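Reviewing the structure listed below.
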Amino acid sequence: MTKPDILQIGPYPAWDLERLKKRFVLHRYFDAEDKEAFVRERADFIRGIATRGELGAGRVLINALPKLEIIAVNGVGYDAVDLEAARERGIHVTNTPDVLTKDVADFGIAMLLAAARGVVGGERWVRSRAWSKDGLYPLKTRVFGKRVGILGLGRIGFEVAKRCAAFDMDIAYTDLEPKDAAPNWHYLPDPVALADRSDFLFVTLTGGEATRHVVGPEVIAALGPDGMLLNISRASNIDEAALLSALETHALGFAALDVFEGEPNLDPRFLALDNVLLQPHMASGTVETRQAMGQLMFDNLAAHFDGRDLPTPVL
Ligand code: 8YV
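Residue numbering for the sequence shown follows this note's numbering, starting at 8 and increasing by one per position.
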């Protein structure tokens with residue numbers, strides 16, 4: 008059987024490549040210097056795209072591939088895929104939901120505790136010998152008993168809220184409607200009202216046009232100089248210009264961020280701030296979860312080319 012040709016948008020771990028190469032011919036888009044020419048030379052035979060959540064596939068690329076049948080995302084987020092362009096051509100889109108939910112939620116809690124308790128600064132305090140030179144490390148902020156807001160009670164938001172409940176936090180959330188599974192948590196439909204009652208605000212919205220800049224100047228102002236914003240979703244959910252100026256002027260207390268506009272080349276203004284915790288988009292980054300995501304992306308591609316039902320279709 009001839010192996011279908013797949014355009015590989017970004018790097019994958021070795022375990023994924025091994026499995027993919029047995030079944031498909033991979034074309035390494037991310038290595039190509041002249042990407043346009045690379046695609047043009049392969050336009051007659053590329054039948055699939057394998058991509059990652061933050062890389063997606065845009066309209067220009069989709070339209071440059073007339074034989075394209077499927078776009079498989081290694082990630083739950085598919086906001087970087089032009090769904091309209093795919094829909095117009097009847098191209099399938101798949102993602103990797105569920106398998107990463109708990110790791111992403113765990114990482115959100117790791118960021119919460121690390122940021123509130125100053126874990127990264129504490130490590131520096133010891134290593135720089137400030138402990139013996141300057142004395143005790145400055146006191147930090149308590150987490151238990153505080154008010155936490157969950158902006159978007161989807162799969163990941165729900166798991167974050169469950170974990171916050173275990174820390175005896177007072178939980179409120181925003182979503183399109185109240186969720187039956189969250190009877191003890193306060194439902195507040197308005198993001199500004201949610202921010203206003205929160206000491207800590209988690210952004211766990213899906214990415215995309217509908218949620219773009221939901222966290223804007225008003226939400227940031229409502230969270231205020233004692234508040235902390237945590238983002239484990241997509242950078243586009245936050246107005247980054249408003250966030251940066253609020254952090255610089257201390258109109259917002261603190262931000263713990265795993266995602267950035269233009270990542271991995273984030274705005275250098277972030278690096279000058281001491282009221283941020285910066286992470287390299289790694290909330291789903293455990294060996295176990297990335298193996299499960301790779302397997303699920305492969306299963307979607309294989310199912311498509313075998314003519315079976317797609318395990319986790321978006322389109
Ligand atoms: C990954 C993600 O960083 O799932 C998503 O939407 O953004 C992340 O889990 C990435 O897509 C891994 O390939």
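Glycine is no exception: its CB is placed at the ideal position from the N, C-alpha and C atoms. Computed from a prediction, not measured in an experiment: that's the story for all the values here.
### Query
Less than 7 Å between the CB of V83 and some heavy atom of the ligand 8YV, yes or no?
yes
(request) From the DSSP output, in three-state form, read off L273 for me. (result) coil
Can we count R59 as close to the ligand 8YV, meaning its CB is less than 7 Å from some heavy atom? yes
Any heavy atom of the ligand 8YV within a distance shorter than 7 Å of the CB on L24? no
So R204 and A179 are supposed to be a Cβ contact under 8 Å. How far apart are they, rounded? 6 Å
Next on the checklist: Between L107 and M300, how many whole angstroms is the CB-CB distance? I'm expecting something under 8 Å.
Outcome noted: 6 Å
Taking the Cβ atom as the reference point for each residue, do L308 and I98 lie within a distance shorter than 8 Å? no
Could you tell me the distance, in whole angstroms, from the CA atom of A71 to the CA atom of R54? 12 Å
Report the rounded CA-to-CA distance for T9 versus Y36, giving the unit in angstroms.
21 Å
*Whole-angstrom distance between V283 and M289, CA atom to CA atom*: 16 Å
Which partner residues does T293 have in the DSSP bridge list?
-> DSSP, once it has assigned bridges, lists no residue as partnering T293.
| message | At the level of alpha carbons, what is the spacing between T181 and I239? | response | 16 Å
Q | C-alpha distance - T213 paired with I163, whole-angstrom precision | A | 10 Å
### L158 vs L201 beta-carbon contact at 8 Å
yes
Could you pull the DSSP bridge partners for D177 from this structure? R154
Q) On the premise that A263 lies in contact with L254, defined as a C-beta separation below 8 Å, what is that separation, rounded to the nearest angstrom? A) Not a contact, Cβ separation roughly 11 Å.
Discussion item. Given this structure, state the Cα-to-Cα distance separating N81 from V88, to the nearest angstrom.
Written reply: 12 Å
Q.
Just checking H220 against the ligand 8YV - is the residue's beta carbon closer than 7 Å to any of the ligand's heavy atoms?
A. no
query = If you check the beta carbons only, do K147 and G115 fall under 8 Å apart?
reply = no
* Asked: In terms of alpha-carbon separation, which member of E48, K169, S243 and A57 lies closest to Y19?
  -> A57
Through-space distance from W192 to T104, alpha-carbon basis: The sequence shown places Pro at residue 104, rather than the Thr named in the question. Going by the C-alpha atoms only, they are around 24 Å apart.
Q) Can the beta-carbon of R276 be found closer than 8 Å to that of D86? A) no
Discussion item. For the ligand 8YV, I want to know if H288 counts as a neighbour, meaning its beta carbon is within less than 7 Å of at least one of the ligand's heavy atoms.
Written reply: yes
### Spatially closest choice to G152 from D206, A117, G128 and G292, by CA coordinates
D206
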